[in-house]
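K.L.:
So that we are looking at the same thing, I have put the structure below in structure tokens.
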Amino acid sequence: MGSLTNNQEKLYLNNGTFAPGSFVYQANGFTTITDSTLDIAVGDFDNDGDYDVVTAQGESGNFTNRVYRNTFFADTVPPRIGRVEDTPARVPLSLIRERGLARRAWIQDATYKRGETFVAASLQVAASKDGVGDDFSVPMTPVGGGIHRGVIRLAAGPTGTVGMDVTFSVHATDPAGNAADSAAVTFRVCGAEAFATAADEGSGARISTIHEPSLSANDFKVVVSGLPAGRPGALLVGTAKALPGTRYGGGRLVIGGSFGSLPPVFADESGRAVVDLDFTRPPVASVQAGETRYLQFLYRDRAPGTFNLSDALEVTVCD
């Protein structure tokens, strides 16, 4: 505390509580010098690992600004990560692609002055899917009030992004090199993503979705385009990939495991078919949030008696 008229600046040490008497006055905290202090700043001005003080003078005296060098212990206390923004267990692929997952953390340290923090913080991220991992660091930016913000953006792995498991923690370091880490947080990327587009060997049919696949919504629709107009087809639902696939009609079947099919639908005049997919009914009944299913569309081709397959879709269900 800077003093305008006392014979020294004042030092109070926090005794570790939050109650009357929490700040204990240190009688010999500063050298005894009477001057008119109007402002103080705290920092490690001599780069020896402890915090020093500079004072700015005015109003009376000889207007001599002063630096007080700390001759006591260096800073050995790491930053305190008081709170990390809650993260859902499932994060939609659409959010990851459009703007990334922004996470904020509240971090405290020994010094904080007028909105300026001296802590460096980052998000330590580990992402993995199908045995392939990617570890990286995301810098966090101070945004005021001790809050730091970083944005997690994910690069697609060899088998895509849907179903990817991501773990992150906040790492904070102060100017003295003291470091702290938050507890790890894990989420899974949910949504729908096409795969095996190069394995269809001539099929022009492409499969996509309307809306995120979610247990809480009943409007999840699978859209198949590039079909022969007016021809029937059925959506196949499997529990596993089956790459590189097996020959099946004019295409390759690239899904497997336990699977079934939905009732047939017909393509309209533009070669488009829409299938309503209900996660509470067969063949996808009892699917849980975070679980993955694999979709492919089997359809009658243009030539009589022939059939073909679309590309495939990997679907990890959101909440």
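Numbered by our numbering, the letters in the sequence shown go through residues 89 to 407 in order. Note that the Cβ used here is the ideal one computed from N, Cα and C, for glycine as well. Since the structure is predicted, the reported quantities are computational estimates derived from the model, not experimental observations.
Does the beta-carbon of M228 have 16 or more other beta-carbons within 10 angstroms, so that it is buried, or is it exposed?
P.N.:
Looking at its Cβ environment, which holds 16 or more other Cβ atoms inside 10 Å, M228 is buried.
K.L.:
Please report the distance separating the alpha-carbon of G345 from that of G326.
P.N.:
Cα to Cα, G345 sits roughly 6 Å from G326.
K.L.:
Compute the Euclidean distance between the alpha carbons of P301 and P332, then round it to the nearest angstrom.
P.N.:
C-alpha separation (whole angstroms): 25 Å.
K.L.:
Go through its chain and collect everything with a Cβ distance to D123's Cβ below 6 Å, but skip five positions before and after it.
P.N.:
Excluding residues within five positions, the ones whose Cβ falls inside 6 Å are Q145, G149.
K.L.:
Check R157 in the structure and name its three-state DSSP category.
P.N.:
Note: R157 maps to coil in three-state DSSP.
K.L.:
Where in the segment 304-330 do unbroken runs of the beta strand (DSSP E), each at least 3 residues long, occur, reported from the N-terminal end onward?
P.N.:
Runs of the beta strand (DSSP E) inside the segment 304-330: 309-313, 320-326.
K.L.:
Roughly how far, in whole angstroms, is the beta-carbon of R360 from the beta-carbon of V311, given that I think they are within contact range, below 8 Å?
P.N.:
Yes, R360 and V311 are in contact; Cβ-Cβ is about 7 Å, under 8 Å.
K.L.:
What are the residues that DSSP puts in a beta bridge with Q212?
P.N.:
Q212 is bridged to S225, S257.
K.L.:
Where do the N-terminal and C-terminal ends of the alpha helix (DSSP H) with R185 fall, by residue?
P.N.:
Where R185 is concerned, the enclosing alpha helix (DSSP H) stretches over 181-186.
K.L.:
Answer with buried or exposed for R191, where buried requires no fewer than 16 other C-beta atoms within 10 angstroms of its C-beta.
P.N.:
Buried, because 16 or more other Cβ atoms sit within 10 Å of the Cβ of R191.
K.L.:
Rounded to the nearest angstrom, what separates D197 and N102 at their Cα positions?
P.N.:
Their backbone Cα atoms lie some 13 Å apart in a straight line.
K.L.:
Can we count N95 as close to the ligand PLP, meaning its CB is less than 8 Å from some heavy atom?
P.N.:
In the structure on display, the ligand PLP does not appear, and there are no ligands present to speak of.
K.L.:
Looking at T297: is its Cβ nearer than 9 Å to the Cβ of F283?
P.N.:
Their beta carbons are not under 9 Å apart, which means T297 does not touch F283 by this criterion.
K.L.:
According to DSSP, which residues form a beta bridge with S302?
P.N.:
For S302, which the question treats as bridged, DSSP gives the partners C406.
K.L.:
Give the DSSP bridge partners of F151, in chain order.
P.N.:
According to DSSP, which records beta bridges pairwise, F151 is partnered with nothing at all.
K.L.:
Just tell me which of G314, D356, A244, V226 has its CA closest to the CA of H237.
P.N.:
With the sequence shown as reference, residue 237 is identified as Arg, and His is not the correct amino acid for it. Of the candidates G314, D356, A244, V226, the one whose C-alpha sits nearest the C-alpha of R237 is V226.
K.L.:
Apply the 10 Å Cβ neighbour rule to D223 and answer buried if 16 or more other Cβ atoms are within range, or exposed otherwise.
P.N.:
Flag for D223 reads exposed.
K.L.:
Return the first residue and the last residue of the beta strand (DSSP E) that A267 is part of.
P.N.:
That run of the beta strand (DSSP E) goes 267-269.
K.L.:
R253 and K217 look like a contact to me (Cβ under 8 Å); what is the Cβ gap, rounded to whole Å?
P.N.:
The sequence shown places Asp at residue 253, not Arg. So it is a contact: roughly 7 Å between Cβ atoms.
K.L.:
Could you check the C-alpha separation between L52 and G251 for me, to the nearest Å?
P.N.:
This structure leaves residue 52 out entirely; the chain is present only between 89 and 407.
K.L.:
Nearest to T490 by alpha carbon, out of L303, G314, E402?
P.N.:
An answer regarding residue 490 cannot be provided, because it is not within the stretch 89 to 407 covered by the chain.
K.L.:
Could you say which of D407, D364, W194, E281 lies nearest to K329 if we only look at CA atoms?
P.N.:
The option with the nearest alpha carbon to K329 is E281.
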